[in-house]
Amino acid sequence: IVGGQKAKLGNFPWQAFTNIHGRGGGALLGDRWILTAAHTLYPKEYEAQGNATVDVFLGHVNVEEITKLANHPVRRVSIHPDYRQEESHNFEGDIALLELENSVTLGPNLLPICLPDNETFYDQGLMGYVSGFGITEERLSHNLRFVRLPVAKREDCERWLRKKNRKDVFSENMFCSGDPTLKQDACQGDSGGVFAVRDEKNDRWVATGIISWGIGCSRGYGFYTKLLNYVDWIKKEMEEED
Amino acid sequence: SVFTPRKLYGEVTSPLYPKPYPDNFETTTVITVPTGYRVKLVFRQFDLEPSEGCFYDYVKISADKKTLGRFCGQLGSPLGNPPGRKEFMSQGNKMLLTFHTDFSNEENGTIMFYKGFLAYYQAVDLDECASQLNLVEESPQPLCQHLCHNYVGGYFCSCRPGYELQKDRHSCQAECSSELFTEPSGYISSLEYPRPYPPDLRCNYSIRVERGLTLQLKFLEPFEIDDHEQVHCPYDQLQIYANKRNIGEFCGKQRPEPIDTSSNSVDLLFFTDESGDSQGWKLHYTSRIIKCPQPKALDSFTIIQDLQPQYEFRDYFIATCKQGYQLMEGKQALLSFTAVCQDDGTWHRAMPRCKIKDCGQPRSLPNGAFNYTTTTGVNTYQARIQYYCHEPYYKMQTRDGRSKSERGQYICTAQGTWKNELAGEKMPRCLPVCGKPVNPVEQKQR
């Protein structure tokens, strides 16, 4: 997280710390699912050399402490079928679910986040929180950090990409946030964490996006997987029991 | 003599019949029927020279060494003695018919012709027993020593109870070694009672009635078995066994008191020596159905179904429990209970008890807990508990507008399981609560 601040215990109780091909993030759904980005499991421009170990930690804001709280073994990994690891400029379907072997016991430092149910969570300018254990101004963070960012106007992000002559895919299943004028952004190691919005009406926090990609850090917009478009897939994968 | 074949019927005629019979002729026809029959003879035609006293021609009938008659003439003639329709019967199975003619048949110088006779005979059953009665009067040696039974063509003898027909098929000898009585009531007596019983008896009278009945014995007067003043029953004695167990030995003139044998199987052994002149004994036995004690519940939760005023052998009762209670036989839980009245008047199994159903410790609820709304720690019938979830991190899943308190309420049922009114035995679920951090991020700096 660039330009953010240290989170306190319980600020983002859904935040997961993953270590797969490097540091990553995730968010707790229910009591045994971790929502993350597919590219933390299958990174772009990476030649697979066997299955990487998937370490998942939960329940703290300090890296040292969170790893002491024990790894949560993963029973199953589910990558969205639209994700293409081999297409380095296409982060379409950058979403994955990790099913934990055992349910976790919820508490003040470990709580799930909700999923969005309408488009209003993507209104331009709506402020959300992005958190992660990723790098901050060229340093690895020892703590969970967060930054508050607005949902950006889609056309602005498209224009910004064109201006940079980028051919990266910015699909309807993504949204962007941030502002080129701000020195605030998510960065490497934050991927998989969520863009969390406070739902005032229902007094709850909703994950609207997954930190997915960007061009550098804090020099423009950040791009996120638009969770609203994947809610059905998520629910199906989780086989929500009545 | 001419002998007829030994047949059941036949006819006898004069020579040349129906042509005139020859002069100077005499023949005796011996009519024989099978043993056990008598001979009955009837004349159908009779036409012989009449004479005073049947001196010239005649037919003479004899049987059993007696002459039954001498006959001549014909019906309507003033002279002679025609037999007419008279039936001649022999006592034994043989009858003799003698036909005699003289040298001529003339009447006032005129030669007369007579046809002779035609007679039919048939065998008639001899009632030997009836004849025995007659013989008894005449002779001290009857055909049968005890009982005589006639049948067509013969007879047979039998003996009174307690005696056995001997090989001569006539005489009877005391035989009472295996007398069996199976009727529910009856009389048994010593042989010849109340006349003196025979010597050297080894009698065994067995009474066997259905299981579930018990036999009572009542002796009648007179009761007399040879006895001795100083020694107990040295000569003759009556022993009584119930279920192979000796319940008494009796003699003398004092009849025993009525005996309740408590058994459906009684044996009476009667031994006599070679002498004595006592009248013997007679008893009336009856049987009474065995009853079991009235079933009585051991606690107020036991129900005896369709309680009867009394229970007899093979009757049964079913015991159940009030709702919420469990049938127990010792430490064994029962699904049902039936007890049957046995032939010894006892129930085949003891009355059970009813123990209140215990639902056991309630199952623990993942991410939740429960507390008792009735007495803490009591898990018996009608105990109540309330499940709840660990809030605010979990909330109870509810449906159909039900509250979490309704969904979480469980009662120990009569079936011994914890049940919710709507969900039954299915446990409630505590679902994670999303998006409600206890300590959300807060930014003061503006």
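As given, the protein sequences belong to chains A and B, one line each in that order. Mapping the first sequence onto the working numbering, position 62 (from 1) lands on 542, and the numbers just tick up by one. Mapping the second sequence onto the working numbering, position 251 (from 1) lands on 786, and the numbers just tick up by one. The beta-carbon is built from N, C-alpha and C at its ideal position, and this holds for glycine as well.
Between LEU842 (chain B) and ALA854 (chain B), the C-beta gap is not smaller than 8 Å, which leaves the two residues out of contact. Here GLN772 (chain B) is buried: its Cβ has 16 or more other Cβ atoms, across all protein chains shown, within 10 Å.
Under a criterion of Cβ atoms nearer than 9 Å, the residues of chain A adjacent to ASN974 (chain B) are, in order, LYS488, LEU489, GLY490, ASN491, PRO493, PRO588, ASN589. Here HIS819 (chain B) is bridged, per DSSP, to B:TYR722, B:LYS753. For GLN858 (chain B) against ALA949 (chain B), the beta-carbon gap comes to about 5 Å, under 8 Å, which counts as contact. Within the stretch 906–931 of chain B, the residues whose Cβ lies closer than 7 Å to any Cβ of chain A are, in chain order, TYR928, TYR929.
Using a 10 angstroms sphere on the CB of GLU759 (chain B), the tally of other CB atoms reaches 16 or more, which defines it as buried. For VAL543 (chain A), the uninterrupted alpha helix (DSSP H) run begins and ends at 543–548, by DSSP. Between the stretch 656–671 of chain A and the stretch 607–621 of chain A there are three or more C-beta pairs closer than 8 Å, enough to call the two in contact. Membership of LYS939 (chain B) in any beta strand (DSSP E) is not indicated; the residue belongs instead to the alpha helix (DSSP H) covering 939–943.
DSSP places VAL584 (chain A) in the coil class of the three-state scheme, outside both helix and strand. Scanning B:CYS924, B:ALA709, B:ARG942, B:VAL574 for the CA closest to the CA of TYR656 (chain B) turns up B:VAL574. By a beta-carbon distance limit of 8 Å, ALA550 (chain A) does not contact HIS501 (chain A). Their separation comes to about 21 Å. For PRO592 (chain A), a Cβ of chain B is located within less than 8 Å of the residue's own Cβ.
Using a C-beta cut-off of 8 Å, the stretch 482–492 of chain A makes contact with the stretch 961–973 of chain B, since at least three inter-stretch Cβ pairs fall below that distance.
Within a 10 Å sphere around the beta-carbon of ARG898 (chain B) sit fewer than 16 other beta-carbons, which makes this residue exposed. Contact between PRO793 (chain B) and LYS753 (chain B) is confirmed by a C-beta separation of about 5 Å, below the 8 Å threshold. The C-alpha of ASN640 (chain B) lies about 12 Å from the C-alpha of ASP582 (chain B). In this structure, ALA687 (chain A) lies near ILE593 (chain A), with their beta-carbon atoms less than 8 Å apart. Burial state of MET647 (chain B) is exposed, judged by a 10 Å Cβ sphere holding fewer than 16 other Cβ atoms. PHE606 (chain B) and ASN616 (chain B) do touch by the CB rule: their CB atoms are close to 5 Å apart, below 8 Å.
Note on geometry: alpha-carbon atoms of VAL541 (chain A) and LEU508 (chain A) lie some 14 Å from one another.
With contacts defined as CB atoms closer than 8 Å, TYR698 (chain B) and HIS684 (chain B) fail to qualify as a contacting pair. Contact annotation: ASN799 (chain B) and GLU714 (chain B) have beta-carbon atoms that are not nearer than 8 Å. Secondary structure at ASN551 (chain A): coil, using DSSP grouped into helix, strand and coil.
Neighbours of PRO967 (chain B) in chain A, taken as residues whose beta carbon is under 8 Å from its own, are GLY510, ASP511, LEU586, LEU591, PRO592 in chain order. Proximity of the stretch 935–955 of chain B to the stretch 893–909 of chain B meets the contact definition, three or more beta-carbon pairs being nearer than 8 Å. Around ARG684 (chain A), the beta-carbon contacts reaching into chain B at under 8 Å are CYS969, GLY970, LYS971. For the C-beta of PHE626 (chain A), the chain B residues within less than 8 Å are, from N- to C-terminus, VAL976. ASP683 (chain A) and PRO967 (chain B) do not touch by the CB rule: their CB atoms are close to 16 Å apart, not below 8 Å. Secondary structure of THR533 (chain A) (DSSP, three-state): coil.
For ALA518 (chain A), the enclosing alpha helix (DSSP H) stretches over residues 518–521. With contacts defined by Cβ atoms closer than 8 Å, THR520 (chain A) and GLY694 (chain A) do not form a contacting pair. For TYR609 (chain A), the nearest beta carbon of chain B is closer than 8 Å to its own beta carbon. Between GLY700 (chain A) and PRO660 (chain A), the CB-CB gap stays under 8 Å. Scanning the stretch 623–710 of chain B for uninterrupted alpha helix (DSSP H) segments of 4 residues or longer gives 663–673, listed from N- to C-terminal end.
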